[in-house]
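S.K.:
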Amino acid sequence: MDKFDLIVIGGGPAGYAAAMRGIDFGKKVCLIEMDRVGGAGIYNGALSSKTLWEMANKVSHINESLISGGRSPYEMSWKEVRKVLDEAIFERKFQYTCHIKLLQTESSNPLLHFERGKGSLVSKNEVKISNNGEEKIVWGEKIVLASGSRPRKLPNMEVDEEVIMTSDGIDNLKDYPESLVIVGAGVIGCEYATIFSNFGKTKVYLIDRQDHILPFEDEDISKMVAGNLEQHGVTIHHNANLERLEKQGDKVEYEISFPDGHHEIILVEKALLSIGRVPNIESLHLENAGVKMSKRGVHIGDVDTQTNIDNIYAVGDVSGRIALVNMGEIEARHAVEKAFGGKIEPLSYDNVCTIMFLRPEVAAVGLNETQCLKQNIPVKVVKIDYSVIARAIAMRKTQGFFKIIVTNDDQMRILGMRAVGEHASSAIQAVGLLIKMNAPIEVLSELIHPHPSIVEGIQECVRMLLNRSVFKSSVFKDKLACYSLVDGVKTPLERL
């Protein structure tokens, strides 16, 4: 039986990061992957959908200029889209493949051992690898579970990934759908609605069970994104309950009902289910090692990344926490550092930076207003419109805003930030660092930012809180805001 210091089950972003961190510690690592290294981080997930978003965004921006100048819109064929998408996926896949091969051949006794197959637990130290009818068992001192997730499906519904699809089925498209219904108005559903409406070739319908899309975000963000989707032809069914969705020949018919009792039946070419993801835990056979489960995934309790079995760790989507590539990688690295480096500092989820590829893009870190209200946390909120930021004016992209939330005291420690607009994702990292360091906002107010840049808006937000701003909220009341939220009551803060 082959023995390893570390066995990693799953070669997606989290599993790969765990294996590489194990090598950093000089440990002998076995990485097991049954399908494609890179997982949903490359295929049918982050890289592929964001490549589509980048192309769709460019097409939309080009056509805004062409149409406003009285010219015919630019059309990008699906064949051209597919070519760019395939190139992006191949480039990343090639990097992973070459990296693994070189690591396995760079010395006579390489630390990395890659196994193709399905990994499952036999005991707390033994893992069975199954591949095309052949089986072998390997032993590991430490084991990291990183088997990822798959798109959630609705019960009693046939998903053929051709007509009724999940995100996995986007890869099967041969052309732009003439019409598409998207079930689910969370981040991923809204991202795909943005992508297909930006290409301008598909009539998009979005089913929203609540009264506003992006239900976990603040209303000002939801309204802006929804307004832009509707301007690009998206029909949003608010407060809609999906009664049925079924194939009618080579098309899809869906029926929705509303609180007032009326129903609508609509026929479309394709349907896309975007209702979350399910961790891949069934094939792990956790019971063989005594690993406990939670309602969302592998149970890790208060000891971050570590299961109830002290040598087994769960990271990424399988942990049921935050299903993001960056968090999966951080959790994986943390787990290995905890296993071999004696790391005792807990992993913090307070400064997780995220980006939503919408129109406009939305970036987030820490708490939002809605969360503060629900948790009854007294806060101060400051908000600046993109239209008073020089770089946004120069780009002619003035739709958007920055919003920073701080504690309602003299220290004004940053609790969270939302950035909506062009370059939003590039603007939040400094705030994420301040949250992690628990540093005062004065740090940002004194930085010398490049000019003109979008991040100057963040500095102006902080200066408003400190009553040092260039523009005064009492003058530009429609562009600048500064207020407190205490016990659900919003009170303007007078600033000169």
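Using our numbering, the letters of the sequence shown map in sequence onto residues 2 to 497.
The beta carbon of each residue, even a glycine, is placed where N, CA and C say it ideally should be.
Can you say whether Thr-106 is buried or exposed, counting buried as having 16 or more other CB atoms within 10 angstroms of its CB?
M.R.: exposed
S.K.: I need the boundaries of the alpha helix (DSSP H) containing Ala-241, first residue and last residue.
M.R.: Run containing Ala-241: none; DSSP gives neither H nor E here.
S.K.: Output yes or no for whether 8 Å exceeds the beta carbon distance between Phe-402 and Ile-385.
M.R.: yes
S.K.: What's the C-alpha gap between Phe-358 and Lys-51?
M.R.: 7 Å
S.K.: Which one or two residues does DSSP pair with Asp-386 in a beta bridge?
M.R.: Phe-402
S.K.: Would you report the Cα separation of His-264 and Val-253, rounded to the nearest angstrom?
M.R.: 17 Å
S.K.: Measuring only the C-alpha atoms, how far is Ser-78 from Val-60?
M.R.: 11 Å
S.K.: Say yes only if the C-beta of Leu-467 is nearer than 7 Å to one or more non-hydrogen atoms of the ligand SAH, and no if none qualify.
M.R.: The model depicted lacks the ligand SAH and carries no ligand whatsoever.
S.K.: Which one of Ile-130, Lys-175, Ile-10 and Ala-19 has the shortest CA to CA distance from Glu-81?
M.R.: Lys-175
S.K.: With burial defined as no fewer than 16 other Cβ atoms inside 10 Å of the residue's Cβ, what is the status of Lys-271: buried or exposed?
M.R.: Taking all protein chains in view, the Cβ of Lys-271 is crowded by 16 or more other Cβ atoms within 10 Å, so the residue is classified as buried.
S.K.: So Phe-200 is in the alpha helix (DSSP H); what residue range does that whole segment cover?
M.R.: 188 to 200
S.K.: Sort Asp-169, Val-316 and Ile-196 by Cα distance to Tyr-177 and report the nearest one.
M.R.: Each of Asp-169, Val-316 and Ile-196 was checked against the Cα of Tyr-177, and the nearest Cα belongs to Ile-196.
S.K.: Ala-41: which of Thr-408, Pro-280 and Glu-457 sits nearest, CA to CA?
M.R.: Distance check between Ala-41 and each of Thr-408, Pro-280 and Glu-457 places Pro-280 closest, using alpha-carbon atoms only.
S.K.: Grab me the residues of Ala-395's own chain with a C-beta within less than 7 Å of its C-beta, minus the 5 sequence neighbours each way, in chain order.
M.R.: Pro-453
S.K.: Please name the residue, chosen from Ser-295, Ser-275, Asn-132 and Val-299, that lies closest to Leu-285 on a Cα-to-Cα basis.
M.R.: Val-299
S.K.: Whose C-beta lies closer than 8 Å to the C-beta of Asn-309 among residues of the same chain, with five residues either side of it excluded?
M.R.: Gly-291, Val-292, Lys-293, His-300 and Gly-302
S.K.: Rounded to a whole number of angstroms, what is the C-alpha to C-alpha distance between Val-235 and Ser-198?
M.R.: Linking Val-235 to Ser-198 through their CA atoms gives a straight-line distance of about 7 Å.
S.K.: In angstroms, rounded to a whole number, what distance separates the CA positions of Trp-140 and Arg-117?
M.R.: Cα to Cα, the separation comes out at about 16 Å.
S.K.: Just mark Lys-339 as buried or exposed, buried being the case when its beta carbon has 16 or more other beta carbons within 10 Å.
M.R.: Under this definition Lys-339 is a buried residue.
S.K.: Quick test of the definition: if touching needs 3 or more C-beta pairs under 8 Å, does the region 312 to 320 touch the region 182 to 194?
M.R.: no
S.K.: Label Thr-203 either buried or exposed according to how many other C-beta atoms from any shown protein chain fall within 10 Å of its C-beta, with 16 as the threshold for buried.
M.R.: buried
S.K.: When burial is assigned at 16 or more other CB atoms within 10 Å of the CB, is Asp-479 buried or exposed?
M.R.: exposed
S.K.: Go ahead and pull the three-state DSSP assignment for Asp-172.
M.R.: Helix.
S.K.: Just to confirm before moving on: does the CB-CB distance between Val-363 and Ala-431 stay below 8 Å?
M.R.: no
S.K.: Locate the beta strand (DSSP E) running through Ala-420, then write down its first and last residues.
M.R.: 415 to 421
S.K.: So the beta strand (DSSP E) Thr-355 belongs to, where does it begin and stop?
M.R.: 354 to 357
S.K.: List the residues that DSSP assigns as beta-bridge partners of His-264.
M.R.: Ser-258
S.K.: Smallest Cα separation from Ile-459: which of Asn-468, Ser-446 and Leu-467?
M.R.: Ser-446
S.K.: For Arg-117, which residues does DSSP report across the bridge?
M.R.: Glu-34
S.K.: What would DSSP say about Met-294, mapped onto helix, strand or coil?
M.R.: strand
S.K.: Tell me the rounded alpha-carbon separation between Gly-71 and Tyr-387.
M.R.: 28 Å
S.K.: Express the C-alpha separation of Leu-181 and Tyr-206 in angstroms, rounding to a whole number.
M.R.: Tyr-206 and Leu-181: Cα-Cα distance of roughly 6 Å.
S.K.: Inspect the CB distances between the region 20 to 30 and the region 155 to 167 and report whether three or more fall short of 8 Å.
M.R.: Using a C-beta cut-off of 8 Å, the region 20 to 30 makes no contact with the region 155 to 167, since fewer than three inter-stretch Cβ pairs fall below that distance.
S.K.: Hey, does Val-319 have any beta-carbon neighbour from chain B nearer than 8 Å?
M.R.: Judged by its chain identifiers, the structure shown contains no chain B, having just a single protein chain.
S.K.: For Thr-492, write down the residues that DSSP places opposite it in a beta bridge.
M.R.: Ser-485
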